[in-house]
Structures are given as C-alpha cells and as structure tokens.
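Count the sequence shown with the numbering used here and you get residues 39 to 594, in order. Reading through the structure tokens given below for one structure.
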Amino acid sequence: MKVMAQMGMVMNLDKCIGCHTCSVTCKQAWTNRAGVEYAWFNNVETRPGQGYPRTYQDQEKWRGGWVRTKRGKLKLRAGSRFHRLTQIFSSPKMPELRDYYEPWTYDYDTLISAPLGEHTPVARPKSLITGKDMKIEWSANWDDDLGGGPELAPADPVLKKIKDEVGDRVKLEFEQAFMFYLPRICEHCLNPACVASCPSGAMYKRSEDGIVLVDQDSCRGWRMCITGCPYKKVYFNHRTGKAEKCTMCYPRLEVGLPTVCSETCVGRLRYLGLFLYDADRVTEAAATENEQDLYAAQLDLLLDPHDPAVQAAATRDGIPADWLEAAKQSPVYRLACEFKVALPLHPEYRTMPMVWYIPPLSPVVDALRDTGHDAEAAGNLFGAIRSLRIPVEYLAELFTAGDVAPVVDSLDKLAAMRAYMRDHNLGRPADPSIPAAVGMTEEAVYDMYRLLAIAKYEDRYVIPTAFAETGAQLEELACSLDFDGGPGQYSSGSFGESSGRPVPVAVETFHALQQRQTTEQMVAPGSAGQVNLLNWDGAGVPLGIPTVPPKQEAGQ
39 MKVMAQMGMV
49 MNLDKCIGCH
59 TCSVTCKQAW
69 TNRAGVEYAW
79 FNNVETRPGQ
89 GYPRTYQDQE
99 KWRGGWVRTK
109 RGKLKLRAGS
119 RFHRLTQIFS
129 SPKMPELRDY
139 YEPWTYDYDT
149 LISAPLGEHT
159 PVARPKSLIT
169 GKDMKIEWSA
179 NWDDDLGGGP
189 ELAPADPVLK
199 KIKDEVGDRV
209 KLEFEQAFMF
219 YLPRICEHCL
229 NPACVASCPS
239 GAMYKRSEDG
249 IVLVDQDSCR
259 GWRMCITGCP
269 YKKVYFNHRT
279 GKAEKCTMCY
289 PRLEVGLPTV
299 CSETCVGRLR
309 YLGLFLYDAD
319 RVTEAAATEN
329 EQDLYAAQLD
339 LLLDPHDPAV
349 QAAATRDGIP
359 ADWLEAAKQS
369 PVYRLACEFK
379 VALPLHPEYR
389 TMPMVWYIPP
399 LSPVVDALRD
409 TGHDAEAAGN
419 LFGAIRSLRI
429 PVEYLAELFT
439 AGDVAPVVDS
449 LDKLAAMRAY
459 MRDHNLGRPA
469 DPSIPAAVGM
479 TEEAVYDMYR
489 LLAIAKYEDR
499 YVIPTAFAET
509 GAQLEELACS
519 LDFDGGPGQY
529 SSGSFGESSG
539 RPVPVAVETF
549 HALQQRQTTE
559 QMVAPGSAGQ
569 VNLLNWDGAG
579 VPLGIPTVPP
589 KQEAGQ
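Laid out in structure tokens, this is it:
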C-alpha cells in the first residue's frame, strides 16, 4: 500500500442557484486574457442540456476517457499509444470553436460617441477572435434555465441514454420540465486520461496533493489531452499554442486559502478537503469490469485517516502530520465516505474523478408542497423520491453509471435529515425511527446537518498549507502559468487582443496574498508594505502618489 494525498471538492447541488458567480470570478482570475476568451475553467450547466462544450458527454463522438479491454486492461478510448503517434501531426478528435462558442464583446463606444439622431444607437456584438461583427448563436451557458426545453434537451447525451427507461416521465414542455444546476471544474482525477494522452509529458499530476497541471515549458500544443479528457476541461490557448486547464487555484491552496470559485460561491455549496488513497490500487479499481461497480471501487480506494494502520503507512510514505490531521477533519471525506451522500461525476469514464456531487432534493419538496401534502414529513419524502420530477435514472447516469441504488440512498439520507431536523427545530420530540430507516444514528444525522446546513468557513474548507520545506518555491516567479500571454499579461490590439487594458502589477508573494486576504485590519497609511492600485484597499495613499500637492513657487 502506498498512501498519497489528494485534494478533493464536494458540491451540494441542492444549494446551487445558478448565479454563475463562481464562473465569473474564475474567469477574471485565470482566463481573462487573449487566447482563452472562450475558455471557462469553471462553468455552471443547466441539466438537462447539451453542456459546454456541446454534447461533451458523448464519448462515442469525442473519444475521451478510458475503456476496458477484453484482457481486463485499460486503454484510452482514443486508441493505443502507437495509433495516437501515427496521428500526431493530424488534428486530434476535439471540439471546434462552434462547440464551445465564439466569444464576443460589444462596441460600447458607439453608445457614447454616436451623434444625435432619430434612432437609439446599438452596440453591435464584436467577435473577440476576429474583432468583426458577428451574430450570437451559442455560448457557454446557452442552456441556462432552459432544462427540458424542446429545442435543446433532446440533444442531451444523458437524456438520450435513459429515454427508453423513463418513457413519458420526461416532458419537454416548459411547464412540465425539470431542471437543476451542475457546476463543473476539472475533476483532478486519480487516473487522468489527459495525462496519459500527452505525448510530450507536459501534463502531470502533483505528487503532494494530486492537482493536475500543465507544464507550459514542455507543452508542444499537440492537443491530445483535449481529446483524452472526457469532461473536456482542457483548453487550447490559440495565442500561445499551449494547453491550459483548471489549476484548482493551487497558489491559494498552498497558503491555506480555498479556491476562488469556493470563496465566492453565493450558495456556500462547495467543500474542500483531503482524501487519502492507495496509489498502488488505482489502476486495478479503474479497471473494474462492471461500470456500475466503479463507484464502490473508488470508495474502496479511499483510505480511512482514523485507521492507525493507514496513519502509520502515511507517515512512512512522507505524509506530514498536519496533513494527516487535515485528512481526519476533511469535510469531503465525511460527505463521500462516511455519510456517503456525495457521488462522483461519470465514474464510467474510469478516470476516478475527485470532484463529487450531492444530488439535488429540492424539487421533491416543491412537488409535495404543491399537492397540499406536508413537504417535510419523512413518509411523504421517502415515497416521493421514487417518483421524482427529476428522474432518479437521470441522476444515476450522471453520478453512478446508471446504478439507481446509491442515488436513492443519498436522497433518502438527505430526506431523513430534513424530516428529523424539522422536529428538532420546532421543539418536537425527536423521532429516532427516521435516521434508523436510512441506516444512520441520530448523532450522525445531526452531524450531517451541521456540515450541510450551518457549517462555518473553517468547517467547509480544511486545507493544509504547503510543506515548509518547499516554502521558497511559492514565490510568484514559480507559477506554472508564468509565460508570455499568461494570466495578467495583456497585449494591445483589436477587440481580440484585450485592447486598452493596462498590465497589472504583480502580487509580491503568495504569503503576502494570504496576509492581505485574511487580515481583519486595513493597511495603515505610510506602511512599509508594497502598496499599489491593484491591491490597494482604500486606506491611506498608494505609493507614488503625493499626499499634498507640491507648493508653487512665488510668482507662479
């Protein structure tokens, strides 16, 4: 057994309101520059829908992820290594720009510079790629709030799979449609197909925390990683000729801060923490014969940090004591492995994804309330789960390769928590039969309630800092995206080149970033710390700006 640590995330879909704040803040932090205008490292999809890029879940078309051979081995769906090398100079199987969308801005200057006239001026959409006028036909959230609509839903690959199973239970009229939001980032998989696809070895998985990154110096722009990723969360920067992807905001994690998408999430639906796993058994688990057993195989791969044998093995394999303590307190481990309410996204791709999801329950409550029933009563909730407006089969195709049982088990536990805690909050006697019906104790239900409903900041984000021995490497000069055209490096030109934006001043170190973002005091005027207009907090005067106008000489 070889114990390794993996940073993971859990998202509670019951809380997502589809505000896209996570997407916008991630966009501003990581892809707000020329070459990746179309890329969203974080995006929020409405389900059912075609997603971003369009129909990315159709692996028969896009050839992403792994498949199991007749001999029980894994191979990339895109083909063997030799097959891929024979096609290295041809365009790999990957989405086109129209499958993502052609990014645009608006000619706002027309609104303020147009002369007076009979008609109101119009700000025409301008392509961020060509700078020319364009017609908007698709975008990263084109399906937004249109789940089940007759124009888009029939092309949803997941809906196509379950069409025969659910029959007429899925209505494509808006007034009878179902929908929920699905935020997506890179899964930072235990068995990443993108890493295996890369001919130049530029894509790699960090040994200390499992985050998957791209070495910009080694990347040669073969784009095989885009084909290999079944979630299509690797993007090609057409300006630099390099692949880019979600970094899980590793500079923030290294100083104990959550990712930008987690920090800014309005619904507080994201949880960050450590998993411990047995690295020697990853391939074996990913090669499980039955796709519906992959979820259980992945659970079995994750180790209990409270087990003395695991602790001893982790110490032997170099896991620091503070990381072991963080693994014991990890909210993602509790939700995925203890309570078993969080599920992985598309385990059938055999990549062992490490961003997990708690399936949505809210539409059950709404449906019961609309029919005049007690929407929080345990008996009503348990019965309604079997006849969800969101078909359980649809959720199962997303999270458990079509196996309905784990999804129903997760929803039953969420329903039991609601019913049990309602009695508690109303001062009624607790009913121990409610948690017993789902195989939980009263204490476990209450612990799950505290974590899902009222958890504080430090309970949702249990992030160990980087090893002290590697602290010198955390300077901004060591950033893996520090290259020509990287984050914050704008250039002049037309609309497609981020015209008119200044080059921002760099943050001095990641440790200073932590100090600024965690301090409760404003920067004192005249302090010796580095202050500039980029990170100035409004107190005092930025360096370089005089506090008092210079005195005029006599006679002037």
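From the three backbone atoms N, C-alpha and C, an ideal C-beta is built for every residue, glycine too. None of the values given here were measured: they were computed from a predicted structure.
Taking the CB atoms as reference points, tell me whether Ala-317 and Thr-326 lie closer together than 8 Å.
no
Taking the straight line between their C-alpha atoms, what separation do you get for Gly-103 and Trp-260?
17 Å
Per DSSP, what kind of secondary structure is Ala-281 in: helix, strand or coil?
strand
To the nearest angstrom, how far is it from the Cα of Ile-472 to the Cα of Ile-492?
21 Å
Would you mind working out which of Asp-331, Tyr-333, Lys-366 sits nearest Val-348, comparing C-alpha positions?
Lys-366
Reference Pro-467; option with closest CA among Pro-86, Trp-142, Ala-457:
Ala-457
From the DSSP secondary-structure annotation, give me the bridge partner or partners of Gly-46.
Gly-311
Own chain residues within Cβ distance below 6 Å of Tyr-90, not counting five before or after
Asn-81, Ala-178
Sequence-distant residues of its chain with Cβ nearer than 7 Å to Gly-239 (five each side left out):
Ser-256
Would you decide whether Gly-534 is buried or exposed? Buried here means 16 or more other CB atoms lie within 10 Å of its CB.
Legend: pLDDT at Gly-534 = 45, less than 50; position of this residue unreliable, value from coordinates given subsequently. So Gly-534 ends up on the buried side.
8 Å contact criterion, which Cys-303 and Cys-60 should meet: CB distance rounded:
5 Å
Delimiting residues of the beta strand (DSSP E) encompassing Met-241:
241–243
Rank Asp-52, Trp-68, Met-42, Gly-305 by C-alpha distance to the C-alpha of Ala-380 and give the top, closest one.
Asp-52
Excluding the 5 residues preceding and the 5 following Asp-96 in the sequence, name in chain order all residues of the same chain whose CB lies nearer than 8 Å to its CB.
Pro-195
Here's a check: name, in chain order, each residue in its chain whose Cβ is nearer than 7 Å to the Cβ of Met-132, leaving out the five neighbours to either side.
Arg-261, Ile-264, Thr-265
Nearest-angstrom Cα distance between Lys-271 and Trp-180?
18 Å
Assuming Ile-501 contacts Leu-310 under a Cβ cut-off of 8 Å, what Cβ separation, rounded to an integer in Å, is found between them?
6 Å
Let me know the secondary structure DSSP gives Asn-81 once reduced to three states.
strand
Can you give me the start and stop residues for the beta strand (DSSP E) that Tyr-269 sits inside?
Segment: none, Tyr-269 is in no beta strand (DSSP E) and carries neither H nor E.
Reduced DSSP category for Val-41 - H, G, I as helix; E, B as strand; rest coil
strand
Output needed for Thr-389: all residues of its chain with C-beta closer than 7 Å, excluding positions within five of it in sequence on either side, in chain order.
Gly-103, Trp-104, Glu-225, Cys-227, Asn-229, Pro-230, Ala-231, Pro-268
Where DSSP assigns a beta bridge to Asn-275, which residues make up the other side?
Lys-280
For Tyr-146, which of Thr-124, Lys-164, Ser-235 has the nearest alpha-carbon?
Lys-164
Along the alpha helix (DSSP H) that carries Trp-100, what are the first and last residues, could you check?
97–100
Arg-460 to Leu-449, Cα distance in whole Å?
17 Å
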